[in-house]
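Numbering (the numbering used here), first residue to last: 3 to 204.
Just so it is clear, CB atoms sit at the ideal spot from N, CA and C, and this is done for glycine as well.
First up is the structure itself, then whatever we jot down about it.
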């Protein structure tokens, strides 16, 4: 009789132990998930500086989109950058020519745009920018020949200007075109840059 009672008690104790262990692990995982939640899910403000070259026919009125990000997969995607136009600046001097919104992407002009998007990984105390790739897309039927693009993150103690991403060519239409400096392989023929393929976002 004593053996018959002891068997079910052992089974009940095992079940209770496994239940308590499961609750503890679930609570621990929940706590850890909150701790490691990245802060870069918040939105940050960026100033995007875009130069249009002086080549004849370099200007455009077509919609321009931009996407840039860091090596950790954090990305900012802005459609219709034209609507974010802030001002024109002198391409030779840092003086502001006007603060009145006008048609951007005119030949021989440098335009600035203020955009908001996902925060990138600015956790490093270094003044270098984590932006290592940048792409543009021309969505219209006319041509456009950008010169350079630079991105600055606002609101940080250190200056976080990105590299200058140089284009200096007519962009192909309706496809993403740009530079990726995140993953570089050194080969006997030079540095090989990895090409990004975007399939989920337009």
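For a test of the three-state rule: what should DSSP assign to residue i, helix, strand or coil?
i	result
residue 86	helix
residue 153	strand
residue 177	coil
residue 105	coil
residue 143	coil
residue 172	coil
residue 31	Caution is warranted here: a pLDDT of 31 is assigned to residue 31, below 50, making its placement in the model unreliable, and no coordinate value can be reported.
residue 75	coil
residue 68	strand
residue 113	strand
residue 167	strand
residue 182	strand
residue 124	coil
residue 133	coil
residue 61	coil
residue 51	strand
residue 46	strand
Can you list, in chain order, the residues of its chain with a C-beta nearer than 8 Å to that of residue i? Leave out the 5 residues immediately preceding and following it.
i	result
residue 183	134, 135, 165 and 195
Would the beta-carbon of residue i fall within 8 Å of that of residue j?
i	j	result
residue 67	residue 87	no
residue 62	residue 181	no
residue 49	residue 116	yes
residue 142	residue 170	no
residue 179	residue 138	yes
residue 153	residue 70	yes
residue 47	residue 147	no
residue 45	residue 65	no
Suppose the cutoff is 6 Å on Cβ atoms and the five residues either side in sequence are ignored; what does the same chain contact list for residue i look like?
i	result
residue 104	none
residue 73	134 and 184
residue 175	140
residue 172	145 and 147
residue 111	54 and 90
residue 167	136, 151 and 181
residue 80	68 and 117
Going along the chain, which residues of its own chain have a beta-carbon closer than 7 Å to the beta-carbon of residue i, five neighbours each way excluded?
i	result
residue 59	145
residue 106	84, 87 and 113
Report the CB separation of residue i from residue j in whole angstroms; it is logged as a contact under 8 Å.
i	j	result
residue 151	residue 52	5 Å
residue 120	residue 76	6 Å
residue 114	residue 89	5 Å
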